[in-house]
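Below is one structure; the comments refer to it alone.
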Amino acid sequence: MSVIAPKFKLSEFIKSLLDNAFWILLLLVLVGIPAISILLFAIEMPVINGELLTPFLALTWIADPSRTLPIIKAFMATDIFRVMAFPGFGFAALLAAGTIFVERKMLAKLQLRVGPFYCGKVEGILQLMGDGLKLISKEIIIPAKADKPIFWAAPVMFVGAAAAFVALIPVAPGWVVADVDLGLLGVFAVIGFFPIITILSAWSANSKFPFIGGIRALFQMVSFEIPLILSLLGVVILTGTLNLSEIAASQSSFPWIVFLPVGAVVFFITMLAELERIPFDLPEAESEIVAGWLTELSGMMYGLVQLGTYLKLYAFAALFVVLFLGGWNGPMVVPPFPAEIITDGIVMGPITAKIPGLPVFTQEMLNGTLWFVLKTVGVIFFILLPRGVFPRIRIDMLLSLGWTKLIGLAFVNIFIALGLLYAGVLGPGGLQ
Amino acid sequence: MTTELPPGLALQKVDERIMTLNVGPQHPGSGHMRIIVQIDGDYIVACDPDPGYVHRGEEKMAEYRNYITNIPHLERPVIHDSCNILYPYVLGVEEIVGIEVPERAKYVRVIASELNRCIYTMYWLAIYGIFLGHSTMFMWPAGDRELLIDLMEKMTGARVTHAHFVPGGVRNDLPPNFEDVCLRQVNYFEKRIKEYAAVFYDNPILISRTRDTGVLSRQDAIRLGTTGSVLRASGVDYDLRLKEPYDVYDELDVHTNVMKEGDSYARSRVPWLDMMESCNIIRQALQKMPKSGSVRTKLKPNPKGKGLNSVYKRVESGRGSLGCYIVSDGKTEPYRLKMSVGSFRNLIALPYLLKGEKLGNMPSVYWSLNYWPVEADR
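Chains as they are written, first to last, in our numbering: chain A, 1384 to 1815; chain B, 6 to 383.
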């Protein structure tokens, strides 16, 4: 067995591409067409603009952009789109899946792993599907004396809390699932849920290893929440608002990391600890306590927690971008779209209905989304990187780091923010 | 007069603060072994290692097989170090049967033994890495081990259990061109393990986790009878390759690595230093080895021991002194066979080291003892 990847050959690459294209086409023909026909004929079609959407009409509409575009835009203006697709759950789950894939690939490169290199023909793309299939096919085992309702509910609550966190993050001006005035306070509240869910799951399993892991997770999350919240206060002082959209908008000229580097560092470290990433993955230290509070979770229950973890990872990375890296702000790089595509006056759905004439999406939104995604991916990369470099630290080292060093640094950050405010360099809302 | 119950019958007072944790078997942190740990909060109050889980009865089985057929199954306790675990047995049988070993075979044995020591230590190091949550240090040694396994495959034809050492020499001669390939691979291997220092041994988190944890003083190391890297990490310069040279070790320039600290860090570093020393020894042996000649003295089928006698031979294995005591009654099978292994002798130190330590230190202290669970339970 050799652990060295083979050399890249263009002819083989093209061959593999064609090979894969063939299988995908075959799959589409065999599965896709029956599925679409079932969807088209079995489901009652909606009435749009006074016309019943029959399958044949739908096919003609697909060919006619002047008819499909209004429907797409009308759908994009609805709350369902925001919650399910973008910037809500679908987008975050896609990024989470991408994160898992990138993590596997990056660590495989670093550690000479074999699976993510060779599994599937295109650069180990099948590894993710393999992981998913494995999780789905495993039996869900519940300990005999577990508190079953809570044991079942904990992974679902975990994903729910992570999704609530995702909902608060603005991706571009006007594109946020829940535009709350006290958004940052909402973030604190959502973060406060995670220790409770963890300890509920750990306690309900009625087993010693989850118990120890749950207590550790509780210690870790509670002791790192304080520096986390303190490190955010600097930004709040400078912007004078708790609305995440306004905080992002206030950084049009400078991202706050320029003025508050200490806060950014503290936030990044506490973020690693809150996410239970290496070197702070103590709650699931597998060599001492098997998998911590996840020990008794099996099959897709474990998969749900993993999904929640990666949603949380995306949300934290996005929060870091919003607070310290300027959110969606960046130079205009997206090529300008024709005006009728962007601001065609279709008004539908509860949000746009309140403000007639508001465009569904604008040039700024497209550009902002691009910058936001780029920055978030960059932050995620830095969150993933320590896994290849550091071993795990010990619980007492972790607690002393949180309580003695990070809280002190967070206070330093607050004093820096106050100093900047009183010196008149910066005022509420940005550079004076 | 109050009647006092005998010690065994009195009920123990239950301390509700103390929780008993069965770490293993089938635990990612203990392998096949069970460690019964009593913890008070995060501190270990008492620890009772229980190695009797993968019992194979190797020593008893050896009494029912003749001297040659014992070879493939006596290497089972440590399949990664199969040359070294056969070494004392083969030396002992040679003395019992009364047979000389050709000069070239002695060098081949030394090369195979040192290669096997590296293969074992790489496996050990990989597990030490993952015990501390360092997955890179798990994958790197596991991958680089392949280099040496390929070498051993060329030499013996088998990848893991080689069964290469036989009374009277080694089973097969080296393949053609082996010396050049071996030298090249070993040089590359040495360059590679030097890189481990940057990612593992100089890592600040690793140092803070292993420094001053599980400290074994020089006196305790001697008193508890530890051996190998554990003993040398506590400042005792004791290596059987130097103190009781066997085969051609007295003709080679062998150094041993001694550290004074006696903590987990020193115990984890000494085997790594030993691997570099092994590379040195292999290079010397390749240079001094006779280029041709026999590698095996022919034996009669089913050799018999010479009368009633016993022999105790020991060598320095990857885990320390490894001894084999063979009693012969003049038949084709050994009358008794007992092995003294480094793993079991080092395991005795575990309860002393873990008492008062934090639970988080358990894996790092436990695995720094250079322990192989299967070997302790033969």
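Virtual Cβ for every residue (Gly too), placed ideally from N, Cα, C. These figures come from a predicted structure and were not determined experimentally.
When the options are compared against residue i, the one with the closest alpha-carbon
| i | options | result |
| --- | --- | --- |
| valine 102 of chain B | B:Arg197, B:Glu321, B:Lys336, B:Gln43 | B:Lys336 |
| proline 339 of chain B | B:Gly323, B:Asn307, B:Arg324, B:Val320 | B:Asn307 |
| isoleucine 1580 of chain A | A:Leu1551, A:Thr1692, A:Ala1476 | A:Thr1692 |
| phenylalanine 1472 of chain A | A:Ile1519, A:Ile1416, A:Gly1415, A:Gly1543 | A:Gly1543 |
| histidine 167 of chain B | B:Gly312, B:Pro146, B:Cys88 | B:Cys88 |
| tyrosine 112 of chain B | B:Lys309, B:Asp255, B:Arg319 | B:Asp255 |
| asparagine 192 of chain B | B:Ser283, B:Ser345, B:Ile23 | B:Ser283 |
| valine 1570 of chain A | A:Phe1651, A:Ala1550, A:Thr1752 | A:Ala1550 |
| tyrosine 201 of chain B | B:Lys248, B:Thr215, B:Gly174, B:Trp145 | B:Trp145 |
| valine 98 of chain B | B:Ala381, B:Ser326, B:Lys318 | B:Lys318 |
| valine 1605 of chain A | A:Gly1575, A:Leu1408, A:Asn1589 | A:Gly1575 |
| aspartate 334 of chain B | B:Thr25, B:Tyr48, B:Tyr72 | B:Tyr72 |
| arginine 274 of chain B | B:Gly347, B:Val235, B:Lys305, B:Ala163 | B:Val235 |
| valine 83 of chain B | B:Asn314, B:Met66, B:Arg61 | B:Arg61 |
| alanine 238 of chain B | B:Glu266, B:Gly347, B:His260 | B:Glu266 |
| methionine 1684 of chain A | A:Leu1411, A:Met1512, A:Met1540, A:Leu1706 | A:Met1540 |
| methionine 1715 of chain A | A:Trp1406, A:Val1563, A:Leu1753, A:Leu1781 | A:Leu1753 |
| glutamate 1629 of chain A | A:Trp1711, A:Ser1614, A:Tyr1697, A:Ala1800 | A:Trp1711 |
| glutamate 1667 of chain A | B:Phe205, B:Lys360, B:Gly138, B:Leu245 | B:Gly138 |
| serine 222 of chain B | B:Ser269, B:Leu245, B:Asn75, B:Arg301 | B:Ser269 |
| isoleucine 124 of chain B | B:His260, B:Gly148, B:Tyr357 | B:Gly148 |
| arginine 109 of chain B | B:Asp252, B:Glu380, B:Leu342, B:Arg288 | B:Asp252 |
| asparagine 182 of chain B | B:Met160, B:Arg197, B:Leu79 | B:Met160 |
Neighbourhood of residue i by C-beta distance below 7 Å, restricted to the same chain and skipping five residues each side
| i | result |
| --- | --- |
| leucine 355 of chain B | Cys52, Pro54, Tyr371, Leu374 |
| alanine 1700 of chain A | Thr1759, Val1762, Ile1763, Ile1766 |
| phenylalanine 1798 of chain A | none |
| isoleucine 1738 of chain A | Residue confidence for isoleucine 1738 of chain A is low, a pLDDT of 35 falling below 50, so the modelled location carries little weight and cannot support an answer. |
8 Å contact criterion, which residue i and residue j should meet: CB distance rounded
| i | j | result |
| --- | --- | --- |
| proline 1638 of chain A | alanine 1793 of chain A | That pair is no contact at about 19 Å. |
| glycine 323 of chain B | aspartate 86 of chain B | 5 Å |
| tyrosine 376 of chain B | asparagine 351 of chain B | 6 Å |
| proline 1593 of chain A | tryptophan 1676 of chain A | 5 Å |
DSSP three-state assignment for residue i, whether helix, strand or coil
| i | result |
| --- | --- |
| serine 1614 of chain A | helix |
| isoleucine 84 of chain B | helix |
| serine 234 of chain B | helix |
| asparagine 314 of chain B | strand |
| glycine 1732 of chain A | Low per-residue confidence applies at glycine 1732 of chain A: pLDDT is 36, beneath 50, and the placement is therefore not dependable enough to give any value. |
| methionine 344 of chain B | strand |
| leucine 26 of chain B | strand |
| leucine 137 of chain B | coil |
| aspartate 55 of chain B | strand |
| arginine 301 of chain B | strand |
| glycine 328 of chain B | strand |
| phenylalanine 170 of chain B | strand |
| alanine 226 of chain B | helix |
| aspartate 1727 of chain A | Unreliable placement is indicated for aspartate 1727 of chain A, whose pLDDT of 46 sits below 50; no coordinate value is reported for it. |
| aspartate 255 of chain B | helix |
| valine 42 of chain B | strand |
| valine 1466 of chain A | helix |
| serine 1845 of chain A | One cannot answer for residue 1845 of chain A here, as it falls past the ends of chain A, which runs 1384 to 1815. |
| glutamate 321 of chain B | strand |
| lysine 336 of chain B | coil |
| isoleucine 104 of chain B | coil |
| valine 1542 of chain A | helix |
Neighbourhood of residue i by C-beta, 6 Å cutoff - its chain only, sequence neighbours within 5 removed
| i | result |
| --- | --- |
| methionine 1654 of chain A | Phe1699 |
| alanine 1537 of chain A | Ile1580, Leu1583, Ser1584 |
| lysine 311 of chain B | Gly103 |
| glutamate 130 of chain B | Reading the sequence as shown, one finds leucine at residue 130 of chain B and not glutamate. Here the set comprises Pro146. |
| leucine 1615 of chain A | none |
| alanine 1479 of chain A | Tyr1693, Leu1694, Tyr1697 |
Chain-order list of residues whose beta-carbon lies under 8 Å from that of residue i (same chain, five-residue window excluded)
| i | result |
| --- | --- |
| lysine 1819 of chain A | This structure cannot settle anything about residue 1819 of chain A, because the visible part of chain A is limited to 1384 through 1815. |
| glutamate 362 of chain B | Tyr48, Ile49, Thr218, Gly219, Val370 |
| arginine 122 of chain B | Asp86, Asn89, Asp279, Met280, Ser283, Ser322, Gly323 |
Residue i Cβ short of 7 Å to the ligand COA heavy atom set
| i | result |
| --- | --- |
| serine 118 of chain B | Although the ligand COA was asked about, the structure shown includes no ligands whatsoever. |
Closer than 8 Å, Cβ to any Cβ of chain B: which residues of the segment 1760 to 1776 of chain A, in chain order? Listed in sequence order: Arg1770, Gly1771, Val1772, Phe1773, Pro1774, Arg1775, Ile1776.
Counting only Cβ-Cβ distances shorter than 7 Å, please list the residues of the segment 1649 to 1672 of chain A near chain B, keeping chain order. Taking 7 Å as the cut-off between beta carbons, the residues of the segment 1649 to 1672 of chain A near chain B are Ile1661, Pro1662, Asp1664, Ala1668, Glu1669, Ser1670, Glu1671, in sequence order.
By the 9 Å beta-carbon criterion, what residues does the segment 138 to 165 of chain B contribute toward chain A? Hits within the stretch, in order: Gly138, His139, Ser140, Thr141, Met142, Phe143, Met144, Trp145, Ala147, Gly148, Asp149, Glu151.
At a Cβ cut of 8 Å, what residues of the segment 1466 to 1495 of chain A count as close to chain D, listed as they run along the chain? The chain labelled as chain D is not found among the protein chains of the depicted structure, namely A and B.
If the cut-off is 7 Å on Cβ atoms, which residues from the segment 220 to 252 of chain B count as contacting chain A, listed in chain order? The segment 220 to 252 of chain B vs chain A, Cβ under 7 Å: nothing.
Can you give me, in chain order, the residues of the segment 267 to 280 of chain B that have a beta carbon less than 7 Å from any beta carbon in chain A? Of all residues in the segment 267 to 280 of chain B, none has a Cβ within less than 7 Å of some Cβ in chain A.
Check each residue of the segment 104 to 137 of chain B: if its Cβ is closer than 8 Å to any Cβ of chain A, include it; give the result in chain order. Hits within the stretch, in order: Gly134, Ile135, Phe136, Leu137.
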